[in-house]
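*Asks:* Here our numbering is used: position 106 in the sequence shown is 97, and no number is missing along the way.
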Amino acid sequence: MEPFQREALSIDVASSLRQLREGRGISMRTLATRSGLSANALSMIERGKTSPSVSTLYKLADALGVSITAFFGAETERRKVVFIKSDERTRMSFTRGVFEALGGEQFSGRVEPFMLTLESGSASGPHSIVHTGHEFVFCLRGQLEYHVEKQIFLLSAGDSLLFESKMQHRWRNPSKNVANALIIISGFAEGEQPHAMHWKKGE
């Protein structure tokens, strides 16, 4: 799995964020207000001085009205069949981890599969994630702790978890080793971007 990660096409979050923001005519101050981030934090991300966390990426996607996969580049025409070689998939780094797209950003159907590589201590963030559809999680390596509403599930290699995504959820890697997980979001409402999450402030 690691050789594939080295060969994958890396996405520059800083330039992608700037292009998405400017392409929609949104000022940095406005985006900061919409996302709940400080203008300084946003500036640091756009200048490539800091790597955003997953929860920050979700908040930015929500504020921009796009799917998190929009950070992988300009949106192309959706296709009914998507085939991606292991060395052609795109990836995006975040704080203590890597997010790899598996074709959902190019597919016409309502499903978005992606791969997460998580360093020790990596987490989705302090806020719960809520969206329509269903979420399937398959732990490939290491351990992954998933919070779904008030339940906590500890997944080890080979374990899986399936739940309704409208339930508040978040995750983290509680172990000292790297974890890999395959996540598939499906069945979300037509026209909805599954990663344009609805955040509960103050959690």
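Even glycine gets a Cβ: it sits at the ideal position worked out from N, Cα and C. Source: prediction; values computed, not measured.
#1: Alpha carbon to alpha carbon, what distance is there between glycine 112 and serine 151?
#2: Sort Ile120, Ala61, Glu96 by Cα distance to arginine 163 and report the nearest one.
#3: Is the beta carbon of threonine 60 less than 8 Å from the beta carbon of valine 89?
#4: Going by CA-CA distance only, name the one from Met35, Val102, Ser84, Leu33 that's closest to serine 58.
#5: Is leucine 93 near phenylalanine 127, with beta carbons less than 8 Å apart?
#6: Is arginine 161 helix, strand or coil by DSSP?
#7: Is the number of C-beta pairs between the region 163 to 177 and the region 134 to 141 that are closer than 8 Å three or more?
#8: Hey, would you say glycine 178 sits closer than 8 Å to histidine 125, going by beta carbons?
*Replies:* Taking the geometry as given:
#1: 20 Å
#2: Ile120
#3: no
#4: Val102
#5: no
#6: strand
#7: yes
#8: yes
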